[in-house]
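S.K.:
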Amino acid sequence: MLEIIWNKPLSWEVKISGSKNAMLPLLWASLLINWKIRFKNVPKIWDVLTFLDIIRKLWAKVEFKENWILDLDTSNLEIDNLDLEKIKKIRASILLLSPLLFFFKKIKIPFPWGCSIWARPIDAHLNWLKAIWYDYKFDWKDIYLDWNLKDGDIILNAWFWVTSTENLIVANVLRKGETIIKNSAIEPHVMNLIDFLRKAWAIIKIRYDHTIIIKWVEFLKDNFEFEVISDYIESGTFMIIWALASKNYIDIKNARIKDLFSFIEKLKEAWVKLEDLWWDILRVYKADNLKNVNIQTNIFPAFPTDLQSPFAVLQTQANWVSKIHEVLFEGRLNWLVELETMGANLTILNPHEAQIIWPTKFKWWKTVTSWDLRAGASMVIAALITDWVTRVEKVEYIFRGYENFVSKLNALWALVKEI
Numbered sequence: 072m073l074e075i076i077w078n079k080p081l082s083w084e085v086k087i088s089g090s091k092n093a094m095l096p097l098l099w100a101s102l103l104i105n106w107k108i109r110f111k112n113v114p115k116i117w118d119v120l121t122f123l124d125i126i127r128k129l130w131a132k133v134e135f136k137e138n139w140i141l142d143l144d145t146s147n148l149e150i151d152n153l154d155l156e157k158i159k160k161i162r163a164s165i166l167l168l169s170p171l172l173f174f175f176k177k178i179k180i181p182f183p184w185g186c187s188i189w190a191r192p193i194d195a196h197l198n199w200l201k202a203i204w205y206d207y208k209f210d211w212k213d214i215y216l217d218w219n220l221k222d223g224d225i226i227l228n229a230w231f232w233v234t235s236t237e238n239l240i241v242a243n244v245l246r247k248g249e250t251i252i253k254n255s256a257i258e259p260h261v262m263n264l265i266d267f268l269r270k271a272w273a274i275i276k277i278r279y280d281h282t283i284i285i286k287w288v289e290f291l292k293d294n295f296e297f298e299v300i301s302d303y304i305e306s307g308t309f310m311i312i313w314a315l316a317s318k319n320y321i322d323i324k325n326a327r328i329k330d331l332f333s334f335i336e337k338l339k340e341a342w343v344k345l346e347d348l349w350w351d352i353l354r355v356y357k358a359d360n361l362k363n364v365n366i367q368t369n370i371f372p373a374f375p376t377d378l379q380s381p382f383a384v385l386q387t388q389a390n391w392v393s394k395i396h397e398v399l400f401e402g403r404l405n406w407l408v409e410l411e412t413m414g415a416n417l418t419i420l421n422p423h424e425a426q427i428i429w430p431t432k433f434k435w436w437k438t439v440t441s442w443d444l445r446a447g448a449s450m451v452i453a454a455l456i457t458d459w460v461t462r463v464e465k466v467e468y469i470f471r472g473y474e475n476f477v478s479k480l481n482a483l484w485a486l487v488k489e490i
């Protein structure tokens, strides 16, 4: 649980951490290289550390050094000691399938996070593997896969899903033949994965129509350094914090400005003043008179679904009526009931739409809950602009995606403590 104490204006500057969503696919892709790699700007957060524990059990050598540097050596992988319990705890472990099958030919893993085929759509990943001639079956508890990979050209459809696009790239980069992935996601962390594989001598082309073309290479280059991109979602979250809770302005370093064009345009539409200081440093000024604005989430480069929740807190402080249209995920607006508990005047119109009315003075001495990673961070933002104490429960969600979240806020003169 986090306890946030009264509305204290924030100041100073913040440096955005490496992206968790970029780091995880880089780690599973690195297993294909089967030798030494050095990663820079690695976030030390729960999902990344859990994933590293999993590959340690595969006899990979993992060593963190100073300044967020990670040295990885995967030259002696063995599957006998695979940690099935940890695989259950991290949804991204479904993406271990391709590299593990490539090396060990036959594997068994539990459903990630103990979910069933229908509870979480991992059947899509399995069917894509089947399309390139892997065999699979499941028994409601475990997934069994056999190596039956065949050569030849193939066309696949990723349906703009980020994790599916990443999975298909990793599964096909060493497969003989040309792979064409239609309707690919092109989020910044997908592009970071492609840049990494290109540095390892993979041949990957991207077309204007979201098509990724992979040509076979016999092996991937090893023994090089690669920098993980900073987290544009964390950056957008802190932009909201600065607009609502700063004393005058705060500077954001590693802001990923180019990745947040649609989001930044909506901030400007809401009368938030921002200044590009070059070198990817963004100054965000305190916003005292916010204009109502409507948002609609969509695939990159449109407004990110992961910033819908923080932006909703901004909308509670705007004049008149603002609307949210969550295109990508049904029911993702349900967390708004927590803002309603704090006094927000809002209506969930249907599973994809909500409206927020008039500026809200949030009630204090409330205990609210994190529904998910982004909603949890959003409740902290709301708590930062209340007049006294607010408590936020289930903060393990927040720590999955935001590195040193509490210490970063306290370094800006917030009063946040973990209970």
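Per the numbering used here, the sequence shown starts with residue 72, numbered consecutively. The beta-carbon is built from N, C-alpha and C at its ideal position, and this holds for glycine as well.
Pop quiz: K292 and I284 are said to be a contact at Cβ under 8 angstroms. What is the actual Cβ separation, rounded to whole angstroms?
M.R.: Sequence index remark: in the sequence shown, residue 292 carries index 221 (1-based). Sequence index remark: in the sequence shown, residue 284 carries index 213 (1-based). The Cβ separation is near 20 angstroms, so there is no contact.
S.K.: CB W406 to CB S380, shorter than 8 angstroms?
M.R.: Taking the sequence shown and counting its residues from 1, one reaches residue 406 at position 335. Taking the sequence shown and counting its residues from 1, one reaches residue 380 at position 309. Going by C-beta atoms, W406 is nearer than 8 angstroms to S380.
S.K.: May I ask which residues mark the beginning and end of the beta strand (DSSP E) holding A425?
M.R.: Counting from one through the sequence shown, the residue named residue 425 turns up at place 354. Run containing A425: 424-428, per the beta strand (DSSP E) assignment.
S.K.: Quick one: Cα of D157 to Cα of T376, how far?
M.R.: Taking the sequence shown and counting its residues from 1, one reaches residue 157 at position 86. Taking the sequence shown and counting its residues from 1, one reaches residue 376 at position 305. The residue you asked about is not Asp; residue 157 is Lys in the sequence shown. Those two C-alpha atoms are separated by around 28 angstroms.
S.K.: Which complete beta strand (DSSP E) runs does the segment 294-320 hold, if anything under 3 residues is left out?
M.R.: Entirely contained in the segment 294-320, the beta strand (DSSP E) runs reaching 3 residues are, in chain order, 295-298.
S.K.: Looking only at its own chain, which residues have a Cβ that is under 8 angstroms from the Cβ of W117, when we skip the five neighbours before and after it?
M.R.: Taking the first residue of the sequence shown as position 1, residue 117 is located at position 46. Shown here for W117: same chain residues with a beta carbon closer than 8 angstroms to its own, the five before and five after excluded, namely E467, F470, R471 in chain order.
S.K.: Give the range of the alpha helix (DSSP H) segment to which D194 is assigned.
M.R.: Here residue 194 refers to the residue found at position 123 of the sequence shown. That run of the alpha helix (DSSP H) goes 194-202.
S.K.: Within 10 angstroms of the Cβ of I323, are there 16 or more other Cβ atoms? Answer buried if so, exposed if not.
M.R.: Numbered from its first residue, the sequence shown carries residue 323 at position 252. Flag for I323 reads buried.
S.K.: Between which two residues does the beta strand (DSSP E) harbouring P181 extend?
M.R.: By 1-based counting over the sequence shown, the position of residue 181 is 110. Start and end: 177-181.
S.K.: Compute the distance between the beta-carbons of L268 and E237, then report whether it is under 8 angstroms.
M.R.: The count along the sequence shown starts at 1 and reaches residue 268 at position 197. The count along the sequence shown starts at 1 and reaches residue 237 at position 166. No; because the gap between Cβ atoms is not below 8 angstroms, this pair is not in contact.
S.K.: Please classify K479 as buried or exposed, where buried requires at least 16 other C-beta atoms within 10 Å of its C-beta.
M.R.: Taking the first residue of the sequence shown as 1, we reach residue 479 at position 408. Buried is the call here.
S.K.: Name the DSSP bridge partner or partners of T145?
M.R.: Along the sequence shown, one-based indexing puts residue 145 at 74. Per DSSP, none; premise fails for T145.
S.K.: Could you please give me the residues that DSSP links to G89 through a beta bridge?
M.R.: Counting from one through the sequence shown, the residue named residue 89 turns up at place 18. Paired residue(s): S301.
S.K.: Restricting to Cα atoms, I'd like to know which of S82, T234, I108, L455 is closest to V299.
M.R.: The sequence position of residue 299 within the sequence shown is 228, counting from 1. Checking every option, the nearest Cα to that of V299 belongs to I108.
S.K.: Quick one: complete beta strand (DSSP E) runs, 3+ long, within the segment 190-278?
M.R.: 206-209, 213-217, 225-228, 249-253, 274-277
S.K.: According to DSSP, simplified to helix, strand and coil, what is D118?
M.R.: Locating residue 118 in the sequence shown gives position 47, counting from the first residue. If DSSP states are grouped into helix, strand and coil, D118 belongs with the helices.
S.K.: What does a CB cutoff of less than 6 angstroms around F309 pick up in its chain, not counting 5 residues either side in sequence?
M.R.: Here residue 309 corresponds to residue number 238 of the sequence shown, with the count starting at 1. Result list for F309: V85, I323, in chain order.
S.K.: Between K177, E137, L141, which lies nearest to L153 when the distance is taken from Cα to Cα?
M.R.: Against the sequence shown, residue 153 aligns to sequence position 82. Answer by Cα proximity: K177.
S.K.: Under a Cβ-count criterion, where at least 16 other Cβ atoms within 10 Å of its own Cβ denotes burial, should R278 be classed as buried or exposed?
M.R.: Position 207 of the sequence shown holds residue 278. R278 is exposed by the Cβ-count criterion.
S.K.: Less than 8 angstroms separating the beta-carbons of A242 and I203?
M.R.: Start at 1 with the first residue of the sequence shown, and residue 242 comes out as number 171. Start at 1 with the first residue of the sequence shown, and residue 203 comes out as number 132. In this structure, I203 lies closer than 8 angstroms to A242 by Cβ.
S.K.: I'd like to know if the segment 453-464 and the segment 73-80 are in contact, where contact means that at least 3 CB-CB pairs between them fall below 8 angstroms.
M.R.: yes
S.K.: Can you grab the Cα-Cα spacing for the pair A454 / A100, in whole Å?
M.R.: Start at 1 with the first residue of the sequence shown, and residue 454 comes out as number 383. Start at 1 with the first residue of the sequence shown, and residue 100 comes out as number 29. Going from the Cα of A454 to the Cα of A100 covers about 39 angstroms.
S.K.: Are the beta-carbon atoms belonging to N198 and D206 less than 8 angstroms from one another?
M.R.: As a working mapping, residue 198 is identified with position 127 in the sequence shown. As a working mapping, residue 206 is identified with position 135 in the sequence shown. Contact flag unset, no.
S.K.: Using a Cβ-Cβ cutoff of less than 8 angstroms, which residues in the same chain neighbour K337 once the five nearest sequence positions on both sides are dropped?
M.R.: Numbered from its first residue, the sequence shown carries residue 337 at position 266. Excluding residues within five positions, the ones whose Cβ falls inside 8 angstroms are V364, I366, F374, F382.
S.K.: Drop a sphere of 10 angstroms on the beta-carbon of A256, count the other beta-carbons inside from all chains shown, and report buried for 16 or more, exposed for fewer.
M.R.: As a first step, residue 256 must be located in the sequence shown, where it is residue number 185. It is buried - the Cβ of A256 has at least 16 other Cβ atoms within 10 Å.
S.K.: Which of helix, strand or coil does DSSP assign to A482?
M.R.: What you label residue 482 is simply residue 411 of the sequence shown in a count that begins at 1. Helix.
S.K.: Tell me R109's beta-bridge partners as DSSP assigns them.
M.R.: One-based indexing of the sequence shown puts residue 109 at position 38. Partner(s): D142, E296.
S.K.: With a 10 Å radius around its C-beta and 16 neighbouring C-beta atoms as the bar for buried, classify D330 as buried or exposed.
M.R.: Translated into positions along the sequence shown, residue 330 becomes position 259. D330 comes out buried.
S.K.: Which one of L216, A195, K160, K201 has the shortest CA to CA distance from F175?
M.R.: Taking the first residue of the sequence shown as 1, we reach residue 175 at position 104. When the alpha-carbon of F175 is set against those of L216, A195, K160, K201, the nearest one is in L216.
S.K.: For the beta strand (DSSP E) that contains R327, what are its first and last residues?
M.R.: The sequence position of residue 327 within the sequence shown is 256, counting from 1. Note, R327: premise wrong, no beta strand (DSSP E); not H, not E.
S.K.: Measuring alpha carbon to alpha carbon, tell me which of I427, K344, N369, I352 ends up nearest N360.
M.R.: Position 289 of the sequence shown, counting from 1, holds the residue named residue 360. The shortest Cα separation from N360 among I427, K344, N369, I352 belongs to K344.
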